[in-house]
Each structure stands twice: as structure tokens, then as C-alpha cells.
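Enquirer: The numbering used here puts the first residue of the sequence shown at 32, with every later residue one more than the last.
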Amino acid sequence: MNEEIKRKDLFSIPFYKLEVFTGSFKGMNYKIAKETVEDKDLFGVYIWKGPLSFDKTSEEKIRSEYEFTSEGLDLICDYLNLYYSENKEKFENVPFSM
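The structure is reproduced here in C-alpha cells:
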């Protein structure tokens, strides 16, 4: 079964104007938030090893930035899936719920 994070699972721009999104995929946790850097709105994307929440983990967090656009969300979806596939072994044996 070829499972992956789907673009529709990441919602749309209006959601991110009001909320932060956190999710997980097979032990890989991620957070997507609107951030303002030098007066420009961007998506800040963070990835860390589960099972703990963003605030509770002491694990290293990987951060990247994308334009605050629908195309940016498309790229984020691709990035999350690529990061997982290239680092799958890092997330093995992490407790997660289905």
C-alpha cells in the first residue's frame, strides 16, 4: 500500500491565517504555521521525530520555509513526503496511532 501525506490533508490558506497545523505520519511529526519574516508572510515547516508534541520534545527539529501561497502548500506536501521517504529509518519503531 503506497501511503503518503495528501495535499487535501493540509487544508487551505484561510486556515493558516488563523491556526497552526500539526500532524504526524508514521512517527514523523510536523507543524505548519504562518510566520512573518522581514515583513513577508511565509509558511514555517517543522519536522521532528514523534511521539512527543512540538513543545514537549527535546529532539532536533528540522525547519524550512515556503511562500505563503497555495503553491507553497503543494511544495510543503511534496517536501514532507520526500523527507519521510529519505529518512524512513529514523521514524521506525516510533509509537504512533493510525
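Beta carbons are placed, not taken as given, at the ideal position from N, Cα and C, and that holds for glycine.
Bridge partners for V68 per DSSP, in chain order?
Expert: Looking at the DSSP assignment, V68 forms a beta bridge with K71.
Enquirer: Please report how far the alpha carbon of Y77 lies from the alpha carbon of K92, in whole angstroms.
Expert: Distance between the alpha carbons of Y77 and K92 is about 6 Å.
Enquirer: State the Cα-Cα distance for the pair F42 and F56, rounded to the nearest angstrom.
Expert: About 16 Å.
Enquirer: Indicate whether the contact test is met: 3 or more Cβ pairs, each with one atom in the region 118 to 127 and one in the region 52 to 69, closer than 8 Å.
Expert: These segments touch.
Enquirer: Roughly how many whole angstroms lie between the Cα atoms of S101 and P126?
Expert: Roughly 32 Å separates the two Cα atoms.
Enquirer: Near W79, which residues of its chain fall below 6 Å by C-beta distance, leaving aside the five closest residues on each side in sequence?
Expert: Taken in chain order, the residues that qualify are N60, T88, E90 and K92.
Enquirer: Taking all protein chains shown into account, do 16 or more other C-beta atoms lie within 10 angstroms of the C-beta of S103, making it buried, or fewer, making it exposed?
Expert: Sequence check: residue 103 is Gly here, not Ser. That one is buried.
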